[in-house]
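*Asks:*
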Ligand code: RIB
């Protein structure tokens, strides 16, 4: 049997990261440490994670006709991703400005550029990919009409549609009805459900509220605590690995990519979340986004 295919549609950025003891407050200048530049973007990070962890992955994004776009495509080809659906825009390629403090916390500004130019028309042209993939993985660094269009085509074709709703922004209710697996963190779940999410119990109640809006199943990522699986019956908690984090950038992306790989291999959601927790525990121990995403051989699965 040929392996199941994972289609990732999302953003591609070049990450420019500075390490600093404390994050600056508004109006404040702080001195930072070493500057690094590397491949990033939630879509690209999730595609690279899925590929490195053993998935068969096609990545669709839009980059500019510039050096950053050229470098990103070359990098994705080196990773072994199917890049045949990558599009070019007249806008500059996406760039993310990232600060990481001594507690491994980050703050990020994304200059979307070409990512913001992914149109419904572009998605229509990818219809064949959407209808032939097994799993579609989406995030929210792309224009919402394109996210909705992709989710609807894949859902109507009976594919598993996975949405990592990051960064949180207002969403049409129709989108929720086209999502089979929703992977928010606690803050995102609180935003979309309109309910507080500060504990497992609250996360379970908010997940039920999302299911009432039409979302299928949920996995709520709870940072260093772990992940809560809500399939409809009693929720199941998968604890995170206890590790010393240096940079949490792309930890959530690694989780989502890893999860899709495990699902594509026929694992249960609990087994998939265990695999994803193990992968993201490795990511947080290294600086950078794609730089820190592990390979299958790094995991004992
Ligand atoms: O999730 C991490 C990513 O968010 C970074 O790579 C950055 O590009 C932003 O998109």
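Numbering (this note's numbering), first residue to last: -17 to 283.
Just so it is clear, CB atoms sit at the ideal spot from N, CA and C, and this is done for glycine as well.
Since residue 159 is in the alpha helix (DSSP H), which residue starts that stretch and which ends it?
*Replies:* Taking the chain shown and counting its residues from 1, one reaches residue 159 at position 177. Neither: residue 159 is in no alpha helix (DSSP H) and is coded neither H nor E.
*Asks:* Determine the direct distance from the alpha carbon of residue 119 to that of residue 198, and round the result to whole angstroms.
*Replies:* By one-based count along the chain shown, residue 198 stands at place 216. By one-based count along the chain shown, residue 119 stands at place 137. Cα to Cα, residue 198 sits roughly 14 Å from residue 119.
*Asks:* Just to confirm, are residue 183 and residue 211 a CB contact at a threshold of 8 Å?
*Replies:* Position 201 of the chain shown, counted from the start, is the residue given in the question as residue 183. Position 229 of the chain shown, counted from the start, is the residue given in the question as residue 211. Against a cut-off of 8 Å, the Cβ pair of residue 211 and residue 183 comes out as no contact.
*Asks:* State the start and end residues of the unbroken alpha helix (DSSP H) segment that holds residue 141.
*Replies:* Position 159 of the chain shown, counting from 1, holds the residue named residue 141. Careful: residue 141 lies outside any alpha helix (DSSP H) and carries neither H nor E.
*Asks:* Return the bridge partner residues of residue 257 from the DSSP annotation.
*Replies:* Here residue 257 refers to the residue found at position 275 of the chain shown. In DSSP, residue 257 forms no bridge with anything.
*Asks:* Rounded to whole angstroms, what's the CA-CA distance from residue 14 to residue 142? Just pull it up for me.
*Replies:* Position 32 of the chain shown, counted from the start, is the residue given in the question as residue 14. Position 160 of the chain shown, counted from the start, is the residue given in the question as residue 142. Taking the straight line from one Cα to the other gives about 43 Å.
*Asks:* Who are residue 11's beta bridge partners in DSSP?
*Replies:* Residue numbering aside, residue 11 sits at position 29 when the chain shown is read from its first letter. In the DSSP output, where bridge partners are listed per residue, residue 11 has none listed.
*Asks:* Give the single residue among 269, -11, 258 and 279 whose Cα lies nearest to the Cα of residue 115.
*Replies:* Position 133 of the chain shown holds residue 115. Comparing Cα-Cα distances from residue 115 to each of 269, -11, 258 and 279, the minimum goes to -11.
*Asks:* Measure the C-alpha to C-alpha separation of residue 203 and residue 49 and round it to an integer number of angstroms.
*Replies:* Walking along the chain shown from the start, residue 203 turns up at place 221. Walking along the chain shown from the start, residue 49 turns up at place 67. Going from the Cα of residue 203 to the Cα of residue 49 covers about 35 Å.
*Asks:* Roughly how far, in whole angstroms, is the beta-carbon of residue 117 from the beta-carbon of residue 144, given that I think they are within contact range, below 8 Å?
*Replies:* Residue mapping note: residue 117 aligns to position 135 of the chain shown, counting from 1. Residue mapping note: residue 144 aligns to position 162 of the chain shown, counting from 1. Contact flag correct, Cβ pair sits at about 6 Å.
*Asks:* Give the DSSP-derived three-state secondary structure of residue 192 in the structure shown.
*Replies:* Sequence index remark: in the chain shown, residue 192 carries index 210 (1-based). Correct three-state label for residue 192: helix.
*Asks:* Going by DSSP, which residues form a beta bridge with residue -16?
*Replies:* Counting from 1 along the chain shown, the entry for residue -16 is found at position 2. BP columns for residue -16 are empty, so no partner.
*Asks:* Does DSSP put residue 48 in a helix, in a strand, or in coil?
*Replies:* Within the chain shown, residue 48 is the residue found at index 66, counting from 1. The answer is coil: DSSP assigns residue 48 none of H, G, I, E or B.
*Asks:* Please name the residue or residues paired with residue 71 in a DSSP beta bridge.
*Replies:* Residue 71 sits at position 89 when you count from the first residue of the chain shown. 46.
*Asks:* So within the region 218 to 254, which uninterrupted alpha helix (DSSP H) runs reach at least 4 residues, ignoring any that extend past its ends?
*Replies:* 233 to 246, all fully within the region 218 to 254.
*Asks:* Using DSSP's beta-bridge definition, name the partner residues of residue 200.
*Replies:* By one-based count along the chain shown, residue 200 stands at place 218. Note: residue 200 sits in a beta bridge opposite 164 and 212.
*Asks:* In whole angstroms, what separates the C-alpha of residue 101 from that of residue 206?
*Replies:* Taking the chain shown and counting its residues from 1, the one referred to as residue 101 is at position 119. Taking the chain shown and counting its residues from 1, the one referred to as residue 206 is at position 224. In a straight line, the C-alpha of residue 101 is about 36 Å away from that of residue 206.
*Asks:* Between the C-alpha atoms of residue 22 and residue 215, what's the straight-line distance to the nearest angstrom?
*Replies:* Taking the first residue of the chain shown as position 1, residue 22 is located at position 40. Taking the first residue of the chain shown as position 1, residue 215 is located at position 233. Taking the straight line from one Cα to the other gives about 36 Å.
*Asks:* Could you check what DSSP says for residue 118 in three-state terms: helix, strand or coil?
*Replies:* Counted from its first residue, the chain shown places residue 118 at position 136. Reduced to three states, the DSSP call for residue 118 is strand.
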